[in-house]
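In my numbering, the protein residues as written are -16 to 94.
Right under this line is the structure:
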């Protein structure tokens, strides 16, 4: 009877030891997984910060491009306005030139 009890206790001890080893292995795996997740979290955090900075940089660039676009549109309107006025101004200058040419020829003829 004592031998049977001894064997039973030894088997229970062996099972308990095996269970403890399984638990230790599980704890080791969980710690490795935790470390991996922490590493992933750190990388995602760095990526998020980088993306936030990129967004700020792009917003500044968009603002700059919008300002340049507005300036160029103003210059385009001015050029279009000048192009509209140019033919009338050219006609006026041609008439002025003709008047001066007639006056010059008149002066030459009177000499």
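The beta carbon of each residue, even a glycine, is placed where N, CA and C say it ideally should be.
>> Rounding to the nearest angstrom, what Cα-Cα distance links residue 42 and residue 9 in this structure?
In response: Taking the chain shown and counting its residues from 1, one reaches residue 42 at position 59. Taking the chain shown and counting its residues from 1, one reaches residue 9 at position 26. Each residue's alpha carbon lies about 48 Å from the other.
> In angstroms, rounded to a whole number, what distance separates the CA positions of residue 56 and residue 63?
Replying inline: Within the chain shown, numbered from 1, the residue matching residue 56 stands at position 73. Within the chain shown, numbered from 1, the residue matching residue 63 stands at position 80. Their backbone Cα atoms lie some 10 Å apart in a straight line.
> Under a three-way DSSP split, which group does residue -16 fall into?
Replying inline: Taking the chain shown and counting its residues from 1, one reaches residue -16 at position 1. Coil.
> How big is the Cα-Cα spacing for residue 78 and residue 60?
Replying inline: Against the chain shown, residue 78 aligns to sequence position 95. Against the chain shown, residue 60 aligns to sequence position 77. Taking the straight line joining both Cα atoms gives about 28 Å.
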